[in-house]
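Counted the way numbering that gives the first Met the number 0 counts, the sequence shown spans residues 0 to 385.
Below is one structure; the comments refer to it alone.
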Amino acid sequence: MHKTIRHIIRTLLLSFVLVLTVAVPCRALATTTTAKPEPSLAVLPFIGNSPGAGRLARRMRFAVAKKMSRNGQVKRVSDHSVNMMISALQLSWSEPFDKSQVPQVVKALGVDEAIMGYVRERKLTLVLYKGPKIAKICSAVIPRSQTSPRLTVENLLTRLDNVKFQHVSSQQADLANPVLARRFRKRPNLVLDGMFTAAARTPSHIAKMWEGFLKARVFHPKLLSAAAARRLPNNTIAIVPASVAVPHGPGGYCLMMHVGPVIAVNNGLAVESYWIPVHDGRHYRFSCFYHSTAPRVRIFLKGFCYQPDQFSNSKSLASQRFERYRAELLPVVGNRGWNREVMDFTPSTEGKKHKIQWMRIDFYIYVQPGEVFFRHIQLKNIGRTR
């Protein structure tokens, strides 16, 4: 009897020791493998020393906020939350500006980092705060409207906080490769309504697979006749017969974008495709034809992950998609007829947790007023050569 009790006690003690022996290393392993959380960041309103500099300051704040949101290294507090906090603190966020207000806002927001900007004429100065203290200051001159300020802003952010940006240009299209050319011919087009024919088949004559963006306004293009297209107002988009762009060129339909002088030198006019499902790390080829009467054209291929955050709307899938990749064709200018633009690219987050699941094609026109036309939009999975 006593031997049985001693045996039971010894067995329980050994079991307890084994549990401790296994549990402690597991706990230590869990501690060491816990991912470091992304630091929180606020992009504060930028200040300009004149009305013109003030307008440029607002554009530059928007550009910095968008680029910091896409780089995936920080968790950005929304601009609305920042503005509301400044209003709640009853701070005067204008010239003459009291710089001692910045640490007050940073503390109130409780963020790890903040970026403040100052524009003097066309010189942009960015100040990085780590907590309430200044960590680094960088400056650069923003080029005139004929040159995109994108690279200048990205270079500033790289100098300021070692933020890296990936660029893919149209020069990487491997057009001489017969294997890729054959795959591109045979494989299905992933772009919904890439020929702009859907509007002609619907009673509303609305192209729902394409969206126009003008400042805060979002709208769909509508099918118009050739006569109505020639009277298209400034800063609007439409689906029109291709003969409107090039009278003796190919038939069918095309997308028409008409930008006025004020919008051309400020926000520009943009049109984006609907969401295109893709696979992270696959090789794709984009192709389109364009004709511009004067405006400069930029074409972006934007990749998105499913990554909802505290600002997402559970009823809106679009708000739960986060841009993590962007490829860009080199800027193109006015031409006499239809020119083809082609780019090979591989959307990827390079091994990070969230993977690219969707692409959107973004046509953006700016600098000069006038019309730009797009037709025969294609995006195909061409794989890699072996």
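Beta carbons are placed, not taken as given, at the ideal position from N, Cα and C, and that holds for glycine.
All of these numbers come straight from a predicted model, not from anything done at the bench.
Residues in the same chain with beta-carbon distance under 7 Å from residue i, minus the five sequence neighbours each way, listed in chain order, please.
i, result
"residue 52", "118, 119, 120"
"residue 333", "291, 292, 293"
"residue 220", "206, 209, 211, 236, 237, 238, 254"
"residue 245", "290, 336, 337"
Give me whichever residues DSSP pairs with residue i in a beta bridge.
i, result
"residue 217", "212"
"residue 358", "275, 302"
"residue 74", "39"
"residue 388", "Lying outside 0 to 385, the shown extent of the chain, residue 388 is not represented and no answer is given."
"residue 121", "DSSP output for residue 121 lists no bridge partner at all."
"residue 258", "369"
"residue 290", "372"
"residue 322", "303"
Mapping DSSP to helix, strand and coil, what is residue i?
i, result
"residue 317", "helix"
"residue 338", "strand"
"residue 111", "coil"
"residue 184", "helix"
"residue 384", "Only weak support exists for where residue 384 lies, its pLDDT of 48 falling under 50; the value from the coordinates is given anyway. DSSP places residue 384 in coil when its eight states are reduced to three."
"residue 155", "helix"
"residue 53", "helix"
"residue 228", "helix"
"residue 11", "Below a pLDDT of 50, predicted positions are generally treated as unreliable, and residue 11, at 48, falls in that range; no measurement from the model is reported."
"residue 175", "coil"
"residue 377", "strand"
"residue 386", "What the structure shows of the chain is the stretch from 0 to 385, and residue 386 is not part of that stretch, so it cannot be assessed."
"residue 364", "strand"
"residue 85", "helix"
Please go through the same chain and pick out, in chain order, the residues whose beta-carbon is closer than 6 Å to the beta-carbon of residue i, but skip the five residues on each side of it.
i, result
"residue 115", "43, 101, 126"
"residue 184", "none"
"residue 343", "171, 172, 173, 284"
"residue 182", "381"
"residue 280", "347"
"residue 58", "none"
"residue 363", "267, 269, 297"
Considering only residues of the same chain and omitting the five flanking positions on each side of residue i, which have a CB-CB separation below 8 Å?
i, result
"residue 252", "194, 195, 196, 198, 199, 222, 238, 239, 240, 241, 374"
"residue 75", "39, 40, 41, 42, 64, 67, 68"
"residue 104", "41, 43, 81, 84, 85, 88, 90, 113"
"residue 174", "180, 341"
"residue 338", "288, 289, 290, 331"
Among the candidates the options, whose CA atom is the shortest distance from the CA of residue i?
i, options, result
"residue 64", "306, 98, 236, 112", "112"
"residue 106", "84, 244, 96", "84"
"residue 230", "306, 333, 243", "243"
"residue 62", "49, 148, 135, 133", "148"
"residue 159", "177, 178, 139, 176", "139"
"residue 132", "361, 37, 99, 162", "99"
"residue 141", "315, 150, 264", "150"
"residue 369", "73, 256, 226", "256"
"residue 359", "73, 47, 277", "277"
Between the region 202-220 and the region 266-284, can you find at least three pairs of beta-carbon atoms closer than 8 Å?
yes
Contact between the region 245-265 and the region 338-349 (3+ Cβ pairs under 8 Å)
no
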